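For the sequence shown, our numbering gives the first residue as 1, with consecutive numbering after it.
Just so it is clear, CB atoms sit at the ideal spot from N, CA and C, and this is done for glycine as well.
Being a predicted model, the structure only gives us computed values, none of them experimental.
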Amino acid sequence: MFEGPRSPWFRYGMALLGLATTLALLLKIPVNAIPPVALGITLFVAWFGGLWPSMALLLATVLIATPRLSTSGDLFRMVVYATDAALVNLIIAWFWREHSRAEAEAADRRATELRYRMLFEETPDPLWVVAPRTLAILECNEAATRQYGYTPSEFNGLTLNDLRASPEGRARVRVDAAMEAEPHRALRIRADTPASEGVEAPAGVIAHRRKDGSSLDVDLSSRPIQGKGLEAGSLLVLGRDVSERLKAEAELDRAKREAEAANRAKDRFLAVLSHELRTPLTPVLLACSALLDGADDLAPEIRQTLDMIRRNVELTSRLVADLLDVTRISRGKMTLDRRRLSLNGLIRESLLICESDLQASKVRLEVDLRATRDLVDVDPARLQQVLWNVVKNAVKFTPAGGLIRVRTLDGDGPRSIRVEVSDDGAGLAPEALARIFEPFHQESGPGGAHGRGGLGLGLAISRGIVEAHGGLLQATSAGLGRGATFSVELATAAAELDAPAPGLVPAADPRGRSLKLLVVDDHADTVRVISALLERAGHRVTRASSLGSAREAALAGRFDLLLCDIGLADGSGLDLMRELAPTGLRGIALSGFGTAADVASSLEAGFVAHLTKPVRWNELIRQIDDAVPAIGP
């Protein structure tokens, strides 16, 4: 119960004073006069001292006066006194409690209004109090007058919609009809025109104008507010200036679009560059491959010269492919054609291809394929690329007479395998280990000279390929002159082998068939060499150097297979394949464009295979054999 607004000392002091007064009066007044006198004193104490002090006084009075009661009338009057005093005490206590509660609420309201006023004035963003239906501005803070240039009296003659950048405006503010149900959505913004700068304005952002005519983008938010003199449903509206933020977002968006356009231009440039470089290499590689693979009576010096030409053509093609690979890896667009195979077997095939490099460098090779769990799920061509790069890197930095060790080990976990390629060559300094896998980075070779050729992409591409397989490629070295070790760790597969991994040198067509072929290419040397080699292999070839002449040839005769370049001077080989596919003619695309998208486009157009230039002769023969398997010899 409420004990009054005063301190306990004052309240119980009043009780003692009342008790002393009552005792003094009891000695002087008759017994029948005690109840009314004691009631008055009790009420006085109740008013100034509170409930409990007055109740204590009441109890003490009853105890002291009772022995003096001699008649039933005196006792009745004392009971009436006690009852009345207790009821009046309770009534006075209730009054004080309600009075105190009203005062506390009034104090809270004053404190709240003071805090609101302080926040309203000190908020750095514009604030308005607006009418619920008309959105007329009733009050504004200092930030609004400072940011918009209007005085408070000028604001009072405006509505929120009057602050729009123009009468038509980019958006219009309206009262949300569901405001009562969802007070946090008191305002609704209707966009009339798209936001500028290519950046979509977020909900609640509206273009406002200042008094001087300049504009700003404002993020509006609101909530209902109550106050003395305010109509029910009035709103407190906050307007945060987001002009700089939107401008920054627009700049970032523009920079992003420009970067994406630059990336597309770069990718297109690299694709065109690879096409232009690969196309003239095709007849050279085909001629060298055909002569080397098909002639057993070549003089040794001629064979060496042809082998040198083929090797350098393949190196040039590899450099172009590396440029495209590092772009794919950096953009996360490398695709993998996985199959389950023996990693030990794949390593043996890869080392056969590196054998000529090992012999030329007079480096010894030690192979220890001891891993017992060597079944992996990988893209064999890509993983062979990694093994070539790592082994050739070891050859590059190992002096004549040095030793390169290739071994496989069961990994630390139950389902992993590790391949290690180590050498006793130039080694790596600690700072070089941190940069060895960076694109275009090349360490100095023996004697301080840079390695023989290349763009410094091999190891960067290798790490990207291994990581795309979910593996790890690392390099370690004890220091300069103490060799280096490259390790590849991969997860092993639990299933059985797929079909054997294809060899790097496909077998020639064993059937000796004579097919009728239509060869289309606008590069004169390419179409001439391919046609001559195919005719020497026993096939009947019709040449075409344009889309138009290819159409005429296709209408004039029936062919078993189409070999067609994609980029022709007067059109696309894709269009030609789409026209001829309904007739049942199969086709193989020959193109200097070799991205995954290019291959997919060729297959979608109806080609059964896509060969990226330069094309090796035995690979072309194998694809022809696969494309028309139903035709007999």
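Query	Result
Quick check on the burial criterion: 16 or more other C-beta atoms within 10 angstroms. Buried or exposed for residue 617?	buried
DSSP has residue 159 in a bridge; who is on the other side?	136
Output the residue ranges of the beta strand (DSSP E) runs that lie fully inside the region 605-632 and measure 3 residues or longer, sorted by chain position.	609-612
Figure out for me which residue from 342, 61, 481 and 475 has the closest Cα to the Cα of residue 397.	481
With C-beta atoms as the reference, is residue 535 less than 7 Å away from residue 529?	no
Please report the straight-line C-alpha distance between residue 579 and residue 492, rounded to a whole angstrom.	46 Å
For the beta strand (DSSP E) containing residue 237, list its first residue and its last residue.	235-241
The alpha helix (DSSP H) that contains residue 474, what's its start and end?	No alpha helix (DSSP H) holds residue 474; the beta strand (DSSP E) holding it covers 472-477.
Cα separation between residue 449 and residue 360?	With a pLDDT of 39 at residue 449, under the threshold of 50, the modelled position of this residue cannot be trusted, and the question is left open.
I'd like to check one pair, residue 565 with residue 590: are the Cβ atoms closer than 7 Å?	yes
Under 8 Å: do the region 36-47 and the region 79-86 share three or more Cβ pairs, one atom per stretch?	yes
Taking the runs of the alpha helix (DSSP H) that are 4 residues or longer, which of them lie wholly in the region 505-582?	524-536, 547-556 and 573-580
Please state the DSSP three-state secondary structure of residue 16.	helix
Using DSSP's beta-bridge definition, name the partner residues of residue 99.	DSSP lists no partner for residue 99.
Based on Cα-Cα distance, which residue from 519, 489, 337 and 429 lies nearest to residue 478?	429
Is it the case that the Cβ atoms of residue 568 and residue 585 are separated by a distance below 7 Å?	no
With three or more C-beta pairs closer than 8 Å as the rule, is the region 114-130 touching the region 232-242?	yes
Please report the distance separating the alpha-carbon of residue 205 from that of residue 246.	10 Å
Would the beta-carbon of residue 41 be found less than 6 Å away from any heavy atom of the ligand SAH?	The ligand content of the structure shown is nil, which means the ligand SAH is not present either.
Less than 7 Å between the beta carbons of residue 435 and residue 420, yes or no?	no
What residues in its chain sit with their C-beta under 6 Å from that of residue 139, if we drop five residues either side in the sequence?	129
First and last residue of the alpha helix (DSSP H) that includes residue 461?	458-468
On the premise that residue 556 lies in contact with residue 518, defined as a C-beta separation below 8 Å, what is that separation, rounded to the nearest angstrom?	Wrong, their Cβ atoms sit about 10 Å apart, outside the cutoff.
Quick one: grab the DSSP three-state call for residue 153.	helix
Which same chain residues, not among the five before or five after residue 310, have their C-beta less than 7 Å away from its C-beta?	285, 288, 289 and 292
Cα separation between residue 61 and residue 35?	9 Å
Residue 117: which of 142, 131, 98 and 137 sits nearest, CA to CA?	142
What's the call for residue 609, buried or exposed, on a 16-neighbour Cβ count within 10 Å?	buried
Quick one: what's got a C-beta closer than 6 Å to residue 402's C-beta in the same chain, skipping five residues either side?	363, 424 and 425
Compare the C-alpha of residue 411 against each of 390, 375 and 546 and name the closest.	375
Per DSSP, residue 486 is paired with what?	421 and 475
Nearest-angstrom Cα distance between residue 615 and residue 249?	48 Å
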